[in-house]
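Peer 1: Top line first, the protein sequences correspond to chains A and B. Numbering-wise, the first sequence is residues 1 to 277 according to full-length UniProt numbering. Numbering-wise, the second sequence is residues 1 to 307 according to full-length UniProt numbering.
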Amino acid sequence: NVVPTPVKINLINMLSETGLQVIEATSFVSPKWVPQMADHTEVMQGINKLPGISYPVLTPNLKGFQAAVAAGAREVSIFGAASELFTKKNINCSIEESLERFDEVMTAARAASIPVRGYVSCVLGCPYEGKISAAKVAEVSKKMYSMGCYEISLGDTIGIGTPGSMKEMLTAVMKEVPVGALAVHCHDTYGQALANILVALQMGVSVVDASVAGLGGCPYAQGASGNVATEDLVYMLNGLGIHTGVDLQKLMDTGTFICNALNRRTNSKVSQASCRL
Amino acid sequence: QQSQASGLPEYIKIVEVGPRDGLQNEKVIVPTGIKIELINRLSKTGLPAIEVTSFVSSKWVPQMADHNEVMRGIERHPGVQYPVLTPNLHGFHSAIAAGATEVSVFGAASESFSKMNINCSIEESIEKFEEVAKSARNMNIPVRGYVSCALGCPYEGNVVPAKVAEVSKRLYSMGCYEISLGDTIGVGTPGSMKRMLEAVMKEIPLSALAVHCHDTYGQALANILTAIQMGVAVVDSSVAGLGGCPYAKGATGNVATEDVIYMLNGLGINTGVNLYAVMEAGNFICTALNKKTNSKVAQASFNTGTI
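(1) Compute the beta-carbon to beta-carbon distance between B:Thr-257 and B:Val-278, rounded to the nearest angstrom, for a pair I have assumed lies under 8 Å.
(2) Tell whether a beta-carbon distance below 7 Å holds between A:Val-116 and A:Tyr-145.
(3) Residues bridged to B:Gln-81 by DSSP?
(4) Please confirm if B:Leu-275 has its CB atom under 7 Å from at least one CB of chain A.
(5) Determine the chain A residues that contact B:Tyr-11 at a beta-carbon separation under 7 Å, and present them in chain order.
(6) Starting from A:Val-270, find everything on chain B with Cβ-Cβ shorter than 7 Å and list it in chain order.
(7) My output table needs one value for B:Lys-13: the three-state DSSP class, helix, strand or coil.
(8) Taking Cβ-Cβ distances below 7 Å as the criterion, which residues of the segment 185-198 of chain A are in contact with chain B?
(9) For a minimum of 3 consecutive residues, which ranges assigned as the beta strand (DSSP E) are wholly contained in the segment 102-167 of chain A?
(10) Leaving out five residues before and five after A:Thr-26 in sequence, what residues of the same chain have Cβ atoms less than 7 Å from its Cβ?
(11) Counting contacts by CB-CB distance shorter than 7 Å, is A:Asp-232 in contact with chain B?
(12) Indicate the three-state DSSP secondary structure (helix, strand or coil) for A:Asp-188 in the structure shown.
(13) Between A:Pro-219 and chain B, is any beta-carbon pair separated by less than 7 Å?
(14) Does DSSP classify B:Val-132 as helix, strand or coil?
(15) Suppose the cutoff is 6 Å on Cβ atoms and the five residues either side in sequence are ignored; what does the same chain contact list for B:Val-232 look like?
(16) Mind checking which residues open and close the alpha helix (DSSP H) that includes B:His-67?
(17) With DSSP run on the structure shown, which of helix, strand or coil describes residue 334 of chain A?
(18) Check whether chain A comes within 7 Å of B:Leu-225, counting only Cβ atoms and requiring the distance to be less than that.
(19) What span of residues does the alpha helix (DSSP H) with B:Asp-259 cover, start to end?
(20) Tell me which residues of the segment 255-267 of chain B have at least one Cβ-Cβ distance to chain A shorter than 8 Å, keeping chain order.
(21) What are the boundary residues of the beta strand (DSSP E) that includes B:Leu-181?
(22) Report the partner residues of B:Val-239 according to the DSSP bridge assignment.
(23) How do the segment 232-247 of chain B and the segment 130-141 of chain A stand: do at least 3 beta-carbon pairs fall below 8 Å, yes or no?
(24) Just to confirm the assignment, what range does the beta strand (DSSP E) spanning A:Ala-81 have?
(25) Out of A:Ser-77, A:Glu-75, A:Cys-122, state which residue places its alpha-carbon closest to the alpha-carbon of A:Lys-89.
(26) Under a three-way DSSP split, which group does B:Cys-120 fall into?
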């Protein structure tokens, strides 16, 4: 179901009050491909942009980049993949061709002093190719970092990874990209996300992607979950004494808001548990 | 090789608590035939230990009223242990009469929890368990000890690691061969798990320790990972994540065996368990209970048709 623009804007505004420093706002992609993001301009122009908070947006090509900047975006993201088959099915070209497209965005971003975040999908497995070699992930990450991405977010797109494969993949990538420029984007489709994130933290990664209320299912496994819930992640980090600056209660309230608006249950276990006696 | 290189145990023993801990915390009273069928299916998965039932008064735990029928009705596979809960000497004798060859006793690291759960202090409960342990020793019956509220209590809140270590030591000294440390309300995180284990490991040898994590706050696998990184090699779990949390309405409880095995397989750790067989057993019991599985692996696998 397409979410109404005001609901999106309110969601982002509430997230802005939780202490989160980065909130991915929308995607400047053709509404023909992604109807949910058709209101990208309205959203970008409608949200409260608080100082100290970054609102990156996806820009798959130069056209999207230009539209994003015109709408007020100050940071953009590009999405690569460690799998040829996934790239072909997702954006209808090879990895090499996708990087050439991104190069145009990089050049324009550099000229406009706009930071670019790079995502690498399928780092721990691909819905089409199956196993993905750590060396391939390292190769694609290195290329995107060399192109000028300030950060590389490594995505376990189908949530198939475990602490074992996470460790192996990060070991390879950390040979090519400094750990300070790495982030992990884990999906919880197989319940492994927090364990995978823990391993990444143990290896020095200090940027973690998550989704309030665990919004976002898995398009490759009907009915299965996708993104790891921000609430559950913050709960773990709090317990580890790691500072995030995020107010867990405000985050849970935001999750409650969006779940009510979408008429759905939260995917966050922390939210579900109400240990009140 | 992979697990050895990372300092993790080569082999981890999974103790399946679904038929007891899991079903005990499900609202629907499960027919005896279904319980027996579930246990028989689990016996074929490679699981080395399956907690079968509880010899407790049916007045307190109606779900386990059929303990005699279940104990006598199940297939006993060689190489598989079938422990049962025995809260006191009376329960112990009934268990033995019904054919039990291993028993468990449940202590707690919180006075309030002990009082609310079994209506006596920790010290009084230890005295009862000592009677069981003594009889068990005379009959060569191994006894497993559980310590509840190891990472937090629904009544007292914070629980100090020293208390967990103290209670664990009492159970171990009376002859329990293994101590299962339970995060009863699932509030623990890798931080509190580490601190608790460090305290307990000063009193109990690592090889005698197990972790029993609840996934109420989604922390179970991260907590289990922390424990196995510290050398713990026995993990309790429940097929399909059976068993909600009696202290948090609507919240989940036990960690799902399928999700644990998926993680251990990915780490190259041997468990002897066939993941697909466990998923099938999980599918069986969820269908029988008319409920959705709590296992994410099962959810993902049955929807894509792959593992």
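Glycine residues also receive a C-beta, built at the ideal position from the N, C-alpha and C atoms. Note that this is a predicted model, so its numbers are computed, not measured.
Peer 2: Considering the structure as presented:
(1) Taking a contact as a CB-CB distance under 8 Å, the pair B:Thr-257 and B:Val-278 counts as one, their CB atoms being some 5 Å apart.
(2) Against a cut-off of 7 Å, the Cβ pair of A:Tyr-145 and A:Val-116 comes out as no contact.
(3) DSSP lists B:Ala-49 as partners of B:Gln-81.
(4) So, not an interface residue.
(5) Against chain A, the beta carbon of B:Tyr-11 has no neighbour under 7 Å; the closest one sits roughly 15 Å away.
(6) Among the residues of chain B, those whose CB is under 7 Å from the CB of A:Val-270 are Tyr-217, Gly-218, following chain order.
(7) Reduced to three states, the DSSP call for B:Lys-13 is strand.
(8) Contacts with chain B (Cβ-Cβ distance below 7 Å) from the segment 185-198 of chain A involve Asp-188, Thr-189, Tyr-190, Gly-191, Gln-192, Leu-194, Ala-195, Leu-198, listed in chain order.
(9) List check, beta strand (DSSP E) in window: 116-121, 151-156.
(10) For A:Thr-26, the CB contacts under 7 Å within the same chain, skipping 5 residues up- and downstream, are Met-37, His-40, Val-43, Met-44, Val-57 in chain order.
(11) So, interface residue.
(12) In this structure, A:Asp-188 counts as coil in the three-state DSSP scheme.
(13) For A:Pro-219, the answer is no, since every Cβ of chain B falls outside 7 Å of its Cβ.
(14) In the structure shown, B:Val-132 sits in a helix (DSSP, three-state: H, G or I).
(15) Correct list, in chain order: Leu-209, Val-211.
(16) From DSSP, the alpha helix (DSSP H) with B:His-67 extends over 67-73.
(17) Only positions 1 to 277 of chain A appear in this structure, which leaves residue 334 of chain A out of reach.
(18) Yes, its Cβ sits closer than 7 Å to a Cβ of chain A.
(19) Going by DSSP, B:Asp-259 is part of the alpha helix (DSSP H) stretching over 257-266.
(20) Ala-256, Asp-259, Tyr-262, Met-263, Asn-265, Gly-266, Leu-267: these are the residues of the segment 255-267 of chain B whose beta carbon lies less than 8 Å from some beta carbon of chain A, given in chain order.
(21) That run of the beta strand (DSSP E) goes 178-183.
(22) Per DSSP, none; premise fails for B:Val-239.
(23) Taking a cut-off of 8 Å on C-beta distances, the segment 232-247 of chain B does not touch the segment 130-141 of chain A, as fewer than three cross pairs fall below it.
(24) Run containing A:Ala-81: 76-81, per the beta strand (DSSP E) assignment.
(25) Nearest of A:Ser-77, A:Glu-75, A:Cys-122 to A:Lys-89, Cα basis: A:Cys-122.
(26) Assignment of B:Cys-120 by DSSP, reduced to helix, strand and coil, places it in the coil class.
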